[in-house]
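>
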Amino acid sequence: MNRLRAVTGALLAAVTMVAATTLGIVTPATAAPAGLPGMDVSSYQGNVNWSAAWNNGARFAYVKATEGTYYTNPYFAQQYNGSYTVGMIRGSYHFARPDTTTGATQANYFVDHGGGWSKDGRTLPGALDIEYNPYGATCYGLSQSAMRNWIASFVNQYYARTGRWATIYTTTDWWTTCTGNYSGFAATNPLWLARYAGTVGTLPAGWATYSFWQWASSGTFPGDQNVWNGTLDRLRVLACNGPC
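Count along the sequence shown from 1, add 54, and you get the number used in the numbering used here.
1) What residues in its chain sit with their C-beta under 6 Å from that of Thr126, if we drop five residues either side in the sequence?
2) Can you tell me which residues form a DSSP beta bridge with Asn280?
3) Taking contact to mean 3 or more Cβ pairs, one atom from each stretch, closer than 8 Å, check whether the segment 137 to 145 and the segment 251 to 269 are in contact.
4) Please name the residue, chosen from Asn103, Trp246, Met55, that lies closest to Phe275 on a Cα-to-Cα basis.
5) For Thr111 and Gly284, what's the separation of their Cα atoms in angstroms?
6) In whole angstroms, give me the CA-to-CA distance for Trp267 and Trp282.
7) With Tyr213 and Trp219 assumed to form a contact (beta carbons below 8 Å), what rounded beta-carbon distance in angstroms separates them?
8) Assuming contact is defined by CB atoms lying nearer than 7 Å, are Asp94 and Gly277 in contact in what I supplied?
9) Of all the beta strand (DSSP E) runs that stay within the bounds of the segment 132 to 200, which reach a length of 3 or more residues?
10) Using a Cβ-Cβ cut-off of 8 Å (strictly less than) and excluding sequence neighbours within five positions of Pro128, which residues of its own chain qualify?
11) So, for Asn28: in the same chain, excluding its five sequence neighbours on each side, which residues have a beta-carbon less than 7 Å away from its beta-carbon?
12) Tell me whether Leu245 sits in a helix, a strand or coil according to DSSP, three-state version.
13) Using C-beta distances below 8 Å, list every residue in its chain close to Thr192, excluding the 5 sequence neighbours before and after it, in chain order.
14) Helix, strand or coil, according to DSSP, for Thr81 in the structure here?
15) Take the Cβ of Pro297 as the centre, count every other Cβ of all protein chains shown within 10 Å, and call the residue buried at 16 or more, exposed below.
16) Start and end of the alpha helix (DSSP H) containing Thr226?
17) Do Tyr264 and Leu292 have their C-beta atoms closer together than 7 Å?
Following this line, the structure appears as structure tokens:
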């Protein structure tokens, strides 16, 4: 996620601090924002104590499933199933690599490796994690129009496979730089904004509000700290794509 998920261990921590400082996006909030508390995790968190996270107030979780077409989270089953078992509404996310294969190809890989959806009232639409490149050029070597096309390829294929529009995780800075602040996805795709600050700030073009806000990289829960911009009942509506 905004912590440069693909990098692990000490390197992850070092790269995160440098990137956050350079990009000017991390000014930690002093307290959790309003909204329903939740979290997101990847292999970096290993086996998560889901009962403890639930008891501390987390009510939803996004879990990394895949990256590109070459990586699956080895802790995915423990994290994805464990969050569900304790009562959370859970979803999975895919770390995009637009420099490796097409969006449609990666959407298929994601769905085939944990990124599917079911109308059980407890499963969120999959999320596309599209952000700063931890391996090279910020925009993965793509022009703004090519990046827009890549994202469209991913979300359209995800919709074709699941019947749901993927949540889009990004930062306003990256979105502006790499898509030209394109507004065309806002009508269908929920926004999951990363901004480590006391306020959510300016949103990417087209979105009048955010659905999820990743507001800190550490805190009460394992992994990143998030809020859903609404009540538990409204989160269930998103999970169900309407009434269950």
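Cβ coordinates follow ideal geometry from the N, Cα and C atoms, glycine included.
Quantities reported herein were computed from a predicted structural model and do not represent experimental measurements.
So, from the data block:
1) Thr120, His167
2) Gly92, Gln268
3) no
4) Asn103
5) Before going on, a small fix: residue 111 reads as Gly here, not Thr. Rounded to whole angstroms, Gly111 to Gly284 spans 15 Å at the Cα level.
6) 7 Å
7) Right, their Cβ atoms sit about 6 Å apart.
8) yes
9) 143 to 149, 181 to 183
10) Ser97
11) With the chain covering only 55 through 298, there is no way to say anything about residue 28.
12) strand
13) Tyr186, Trp228, Thr231, Cys232
14) Legend: pLDDT at Thr81 = 47, less than 50; position of this residue unreliable, value from coordinates given subsequently. Coil, per DSSP.
15) exposed
16) 226 to 233
17) no
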